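2 is the number of the first residue of the sequence shown in my numbering; add one for each residue after it.
Glycine residues also receive a C-beta, built at the ideal position from the N, C-alpha and C atoms.
Every value quoted in this text rests on a predicted model; they were computed, and no experiment measured them.
Inspection log for the structure reproduced underneath, given as structure tokens.
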Amino acid sequence: MKRLEIMAYTKTIQIDKSKLVIHLTDNARSKWGLEACEKMMQDSLKVLSNFLFSKNTCLDKKIHQEIEVDLHFCGDKRMRQINSEHRNKDKTTDVLSFPMYESLRPDSTDFVLPGPVMLGDIIISRNVARKQAREFNLSLEQEVIHLFCHGLLHLLGYDHEISEKEEEIMESLEKEILLKIKKARK
């Protein structure tokens with residue numbers, strides 16, 4: 002799969018000793034909440050990093066020094082184009098994930114080399130995130146974090162579209178992560 006070409010404003014986010022690095026990009030002509038997104042991601046890094054090295058993945062803190070994720074924000078037109086090109090769905094959507102590995106779940110047979118690990122790309126539609134935040138009575142930051150967590154689980158090999166059982170597993174993990182983030186942000 003070719004790397005996605007979505008560039009404009011770019012920022013790398015990492016705090017303290019978090020082993021999670023997020024490369025944040027936005028193709029907006031103005032800085033659409035990029036600083037707010039950076040802040041909310043920073044507030045969530047420790048929880049997300051802990052999850053990446055939990056019993057829910059095959060990643061090992063001792064041999065994988067750093068986990069990287071590319072997080073892109075775009076508008077509906079670009080999201081619709083990407084969704085059409087990669088999923089044959091001619092409509093916009095809230096979040097898309099493009100994993101580098103088939104699965105990084107605990108039972109994975111994918112071999113992950115020691116050192117830094119690039120999980121893949123997560124793309125979030127600014128417009129859909131705003132709309133869903135209003136619809137679910139959440140702040141934009143809460144909705145972006147939710148969409149990022151959803152996309153991150155897809156990068157790890159979790160997929161709610163496979164079966165009801167898989168949907169339950171993924172929803173349970175999402176709720177667990179979001180609850181921990183909410184507690185950490187207080």
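Go ahead and label Arg88 buried or exposed: buried means 16 or more other beta carbons lie within 10 angstroms of its beta carbon, across all protein chains shown.
The residue you call residue 88 lines up with position 87 of the sequence shown. That one is exposed.
Quick check on this structure: which residue in Asp108, Asn57, Lys78, Val118 has the alpha carbon closest to the alpha carbon of Ile23?
By one-based count along the sequence shown, residue 23 stands at place 22. Selected option, being the one with the closest Cα: Val118.
Taking Lys63 as the reference, give the member of Asp91, Pro115, Asn51, Cys75 with the closest Cα.
As a first step, residue 63 is located in the sequence shown; it is residue number 62 there, counting from the start. Selected option, being the one with the closest Cα: Pro115.
Excluding the five sequence neighbours on either side, which residues of its own chain have a C-beta within less than 6 Å of the C-beta of Leu72, listed in chain order?
What you label residue 72 is simply residue 71 of the sequence shown in a count that begins at 1. Contacts found: Ile23, Leu25, Ile123.
Any heavy atom of the ligand GDP closer than 7 Å to the CB of Glu175?
The ligand content of the structure shown is nil, which means the ligand GDP is not present either.
Following the continuous alpha helix (DSSP H) through Asn24, name the residue where it begins and the one where it ends.
Your numbering for residue 24 matches position 23 in the sequence shown. Here the sequence assigns His to residue 24, which means Asn is not the residue at that position. Unbroken run through His24 is the beta strand (DSSP E), 21 to 27; no alpha helix (DSSP H).
Find out if the Cβ-Cβ distance for the pair Leu120, Leu179 is shorter than 8 Å.
Within the sequence shown, numbered from 1, the residue matching residue 120 stands at position 119. Within the sequence shown, numbered from 1, the residue matching residue 179 stands at position 178. Going by C-beta atoms, Leu120 is not nearer than 8 Å to Leu179.
So, using beta-carbon positions, are Leu154 and Leu174 closer together than 8 Å?
Along the sequence shown, read from residue 1 onward, the residue named residue 154 stands at position 153. Along the sequence shown, read from residue 1 onward, the residue named residue 174 stands at position 173. Yes, the Cβ-Cβ distance between Leu154 and Leu174 is below 8 Å.
Once the 5 residues before and after Glu168 are set aside, which same chain residues still bring their CB inside 7 Å of it?
Mapped onto the sequence shown, residue 168 falls at position 167. Closer than 7 Å at the Cβ level, and outside the excluded window around Glu168, lie His161.
Short check: CB of Asp95 to CB of Glu103, under 8 Å?
On the sequence shown, position 94 is the one that residue 95 refers to. On the sequence shown, position 102 is the one that residue 103 refers to. Not a contact, by the Cβ cut-off of 8 Å.
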